[in-house]
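Below is one structure, written out as structure tokens, with a few remarks after it.
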Amino acid sequence: MVDWNVRGCLIPLVTPFDARGGVDEPALRKLVNYLIDEQAAAGLVPCGTTGESPTLTTEEHLHVIEIVQEETRGRVPVVAGTGSNSTQEAIEMTAAAEKSGVAASLQVSPYYNRPTQEGIYAHFKAVANSTSLPIILYNIPIRTGRNIEVDTVLRLSEIDNIVGIKEASGSIMQASAILERTRGGDEFCVYSGEDPITFLILCLGGHGCIAAVGHVIGVEFSQMCGMVWEGRFDEARELHFRIMPVIEALFCEPNPTAIKQALNWMGIPVGGLRLPLMELSGARKDELRRALIGLGKLPASGTATITSM
Numbered sequence: 061m062v063d064w065n066v067r068g069c070l071i072p073l074v075t076p077f078d079a080r081g082g083v084d085e086p087a088l089r090k091l092v093n094y095l096i097d098e099q100a101a102a103g104l105v106p107c108g109t110t111g112e113s114p115t116l117t118t119e120e121h122l123h124v125i126e127i128v129q130e131e132t133r134g135r136v137p138v139v140a141g142t143g144s145n146s147t148q149e150a151i152e153m154t155a156a157a158e159k160s161g162v163a164a165s166l167q168v169s170p171y172y173n174r175p176t177q178e179g180i181y182a183h184f185k186a187v188a189n190s191t192s193l194p195i196i197l198y199n200i201p202i203r204t205g206r207n208i209e210v211d212t213v214l215r216l217s218e219i220d221n222i223v224g225i226k227e228a229s230g231s232i233m234q235a236s237a238i239l240e241r242t243r244g245g246d247e248f249c250v251y252s253g254e255d256p257i258t259f260l261i262l263c264l265g266g267h268g269c270i271a272a273v274g275h276v277i278g279v280e281f282s283q284m285c286g287m288v289w290e291g292r293f294d295e296a297r298e299l300h301f302r303i304m305p306v307i308e309a310l311f312c313e314p315n316p317t318a319i320k321q322a323l324n325w326m327g328i329p330v331g332g333l334r335l336p337l338m339e340l341s342g343a344r345k346d347e348l349r350r351a352l353i354g355l356g357k358l359p360a361s362g363t364a365t366i367t368s369m
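Following this line, the structure appears as structure tokens:
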């Protein structure tokens, strides 16, 4: 088996855009350092859902991965989002990312074309066989239209360089079944990809999370991981309850809408969104601001550093 045992809170990066809508390289470099130095990221995941990858050109996509890999300077592993609903494109993107020196690849389940379970298996097997990188599966059926079923996950886990899954189905039953049948061992890592149930997945033996909310509460998620692994379940549960209002507010509209707004307010400039995503409405902004103030992420009075997208 390929050696991979990364635990903790990995953070899938937003992609900063400048005033003209292009990728903002200086802001991206600043974001990388902020997430490592101030949010305790155990790893960085560029060009996933949170990175607005569907609206990046191929050139932008690969450039973002290269920037993140370069700026990280080996401090934490970089897991490049290089999945596609085209098997050949996923193979080509993964090959390009491997040349940049990334530690692993995150591979989303094929979307839109709605393959069967056998098609899903064949897709991931073909990608895995094309690279020496460790592969982390990404199951997010609300976006892809297809669930990677437990039996399919188990079959895929037998491929040497398929080392884990970002489980974002939202089903605690599915996460539980995967952990039970893989015995929660380090040979196959199960990461929570559904932030509101990360505490539960950790308690079942999860290896950590790939959490968009880590941009804002990465330290808290890292602390929660440590508490569970040290058997301090009551403390972890109380932390879970304390951060839930922020988690709910950060997903009040499609990701990464609220996360970008929060970062801009917190003085980490990431710019706006690419269409068809839209800026938060006034009422949603108020909801988000209250949650951030409640957890001490914004001052209770005065103006934020950056007040709009």
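Numbered according to this note's numbering, the sequence shown spans residues 61 to 369.
C-beta atoms are modelled at their ideal positions from N, C-alpha and C, and glycine is treated no differently.
This structure is a prediction, so every number in the text was calculated from the model and none was measured.
Between the segment 279 to 287 and the segment 255 to 266 there are three or more C-beta pairs closer than 8 angstroms, enough to call the two in contact. A Cβ-Cβ separation of about 6 angstroms places residue 229 in contact with residue 201 under the 8 angstroms criterion. Annotation: the segment 64 to 139 contains the following complete segments of the beta strand (DSSP E) (minimum length 3 residues), in chain order: 68 to 72, 103 to 105.
By DSSP's assignment, residue 197 forms a beta bridge with 167, 225. The straight-line gap separating the alpha-carbon atoms of residue 313 and residue 344 is approximately 8 angstroms. Beta-bridge pairing by DSSP links residue 270 to 70. By the Cβ criterion, the segment 290 to 299 is not in contact with the segment 323 to 331, since fewer than three pairs of Cβ atoms, one from each stretch, lie closer than 8 angstroms. Unbroken alpha helix (DSSP H) stretches of 4 residues or longer found wholly inside the segment 257 to 327: 258 to 263, 274 to 289, 293 to 310, 317 to 325, given in chain order. Ranked by Cα distance from residue 194, the options 154, 78, 171, 299 are led by 154. Residue pairing by DSSP places residue 141 opposite 166 in a beta bridge. Rounded to whole angstroms, residue 106 and residue 185 show a C-alpha spacing of 22 angstroms. The Cβ-Cβ distance between residue 126 and residue 169 does not fall below 8 angstroms. Put simply, the segment 66 to 85 does not touch the segment 197 to 212. Fewer than three CB pairs are less than 8 angstroms apart. Sixteen is the threshold: since fewer than 16 other Cβ atoms of the shown chains lie within 10 Å of the Cβ of residue 360, the residue is exposed. By DSSP's assignment, residue 252 forms a beta bridge with 227, 269. By the Cβ rule, the segment 141 to 155 does not count as touching the segment 84 to 96, because fewer than three pairs are nearer than 8 angstroms.
Inter-residue distance for residue 104 and residue 176 is about 31 angstroms (C-alpha atoms, whole angstroms). Per the coordinates, the alpha-carbon of residue 323 lies some 13 angstroms from the alpha-carbon of residue 92. In this chain, the alpha helix (DSSP H) harbouring residue 211 covers 210 to 217.
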